[in-house]
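Novice:
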Amino acid sequence: MASVLLIEDDASVREGLELALRRQAHTVHTAESGELGLEKLRVFHPDIVVLDLMLPGIDGFETCRRIRSAGEVPIIMLTARSDDFDIVAGLEAGADDYVTKPIEPRVLDARIRAVLRRAVSEKPANDDAAGERHGGLVIDRAGLVVTKNGEPVSLTPTELKLLLELSRTPGQVYSRQQILSAVWDHDYLGDSRLVDACVQRLRAKIEDVPAKPEHVQTVRGFGYRFGRS
């Protein structure tokens, strides 16, 4: 299935999740700290990282930022709290999804599979779908390549899926619930934090002035659309 790097300092949780994920046919490497996790990331190049936020030494937030600055490997964060601040901070640090403790292994496995599905190439409906130009932004659906003013834009699978979904029908307004279903493959009981944090990260990469976006527009009280109405 997938190569998973599990960074978790609690030995019982780490061993339990490792066993459960191996039973789901995943290859699992483990680390008990952020420092060791970053070392193993460079050696094993996993398909996905499952990262606890409450770590000794380098905490999960900083570990997440360092992983994200080094590449676009998907990250699912584990948090013992459902506190909005922790969740939003983790998402803004670069996480793609999150699971709260106590963790149901089948839920974690489902989240892993959903995140990795976003990395699977989407085929355009026709040749005209490739190389869409929106000002200086060019979206090549066939090659899954995005460029801005001629320079490649590095996007995580989640950010890319979000951009592809929104730009498929410019001007159409999507609610946060519609985006959750289309991009995350699940309805997180009305949790819009995943959407809003990913939009922020996407804007930082594709907009000239993220605070005044031209591409990913907010429709107050409802959701988002690509381009102006």
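Counted from 1, the sequence shown has number 9 at position 5 by the numbering used here; the numbering is strictly sequential. Don't be surprised by glycine CBs; every beta carbon is placed ideally from N, CA and C. These numbers were taken from a predicted model, which means no experiment stands behind them.
Go ahead and pull the three-state DSSP assignment for LEU40.
Specialist: Locating residue 40 in the sequence shown gives position 36, where the first residue counts as 1. Reduced to three states, the DSSP call for LEU40 is helix.
Novice: Name the two residues that bound the continuous alpha helix (DSSP H) containing ARG26.
Specialist: Taking the sequence shown and counting its residues from 1, the one referred to as residue 26 is at position 22. Taken as a continuous stretch (DSSP letters only), the alpha helix (DSSP H) holding ARG26 covers 15-27.
Novice: Counting pairs of beta carbons, one from the stretch 50-60 and one from the stretch 69-89, are three or more of them closer than 8 Å?
Specialist: yes
Novice: Quick check on the DSSP output: the alpha helix (DSSP H) that includes LYS216 runs from which residue to which?
Specialist: Counting from 1 along the sequence shown, the entry for residue 216 is found at position 212. No alpha helix (DSSP H) contains LYS216, which DSSP labels as neither H nor E.
Novice: Looking only at its own chain, which residues have a Cβ that is under 6 Å from the Cβ of HIS30, when we skip the five neighbours before and after it?
Specialist: For this step, residue 30 is matched to residue 26 along the sequence shown. Closer than 6 Å at the Cβ level, and outside the excluded window around HIS30, lie MET5, ALA6, VAL8.
Novice: Go ahead and pull the three-state DSSP assignment for LEU181.
Specialist: Taking the first residue of the sequence shown as position 1, residue 181 is located at position 177. According to the sequence provided, residue 181 is Gln. The question's Leu does not apply to it. If DSSP states are grouped into helix, strand and coil, GLN181 belongs with the helices.
Novice: So the candidates are ASP113, ILE210, VAL199; which of them puts its Cα closest to the Cα of GLN28?
Specialist: For this step, residue 28 is matched to residue 24 along the sequence shown. Comparing Cα-Cα distances from GLN28 to each of ASP113, ILE210, VAL199, the minimum goes to ASP113.
Novice: Could you give the DSSP three-state label for ARG4: helix, strand or coil?
Specialist: Beyond the ends of the chain as shown, which are 5 and 233, falls residue 4; an answer cannot be given.
Novice: Check for me: the alpha helix (DSSP H) holding LEU152 runs from which residue to which?
Specialist: The residue you call residue 152 lines up with position 148 of the sequence shown. Residue identity differs from the one stated: residue 152 is Lys in this sequence, not Leu. First-last for LYS152: 149-152, but that is the beta strand (DSSP E), not the alpha helix (DSSP H).
Novice: Have a look at LYS44 and ILE11 and give me their C-alpha separation to the nearest angstrom.
Specialist: Here residue 44 refers to the residue found at position 40 when the sequence shown is read from its first residue. Here residue 11 refers to the residue found at position 7 when the sequence shown is read from its first residue. Whole-angstrom Cα-Cα distance: 10 Å.
Novice: Tell me the start and end of each unbroken alpha helix (DSSP H) in the stretch 43-89 that is at least 4 residues and wholly inside, in chain order.
Specialist: 64-74
Novice: Among ARG145, LEU95, SER73, ALA84, which one has its Cα closest to the Cα of ASP200?
Specialist: What you label residue 200 is simply residue 196 of the sequence shown in a count that begins at 1. Closest option to ASP200, judged by alpha-carbon separation, among ARG145, LEU95, SER73, ALA84: LEU95.
Novice: Considering only the alpha carbon of each residue, which of ILE71, VAL47, ARG229, ARG46 lies closest to PRO174?
Specialist: Residue 174 sits at position 170 when you count from the first residue of the sequence shown. Minimum Cα distance to PRO174 is reached at ARG229.
Novice: I'd like the list of long-range same chain contacts for ILE269, defined as Cβ closer than 6 Å, with 5 residues on each side in sequence excluded.
Specialist: Here the chain covers residues 5 to 233 and nothing more, so residue 269 does not appear.
Novice: When you compare only the Cα positions, how much space is there between THR151 and GLU66?
Specialist: Locating residue 151 in the sequence shown gives position 147, counting from the first residue. Locating residue 66 in the sequence shown gives position 62, counting from the first residue. Note on geometry: alpha-carbon atoms of THR151 and GLU66 lie some 28 Å from one another.
Novice: ARG122 to SER16, Cα distance in whole Å?
Specialist: Within the sequence shown, the letter at position 118 stands for residue 122. Within the sequence shown, the letter at position 12 stands for residue 16. If I take the Cα positions, the gap works out to 31 Å.
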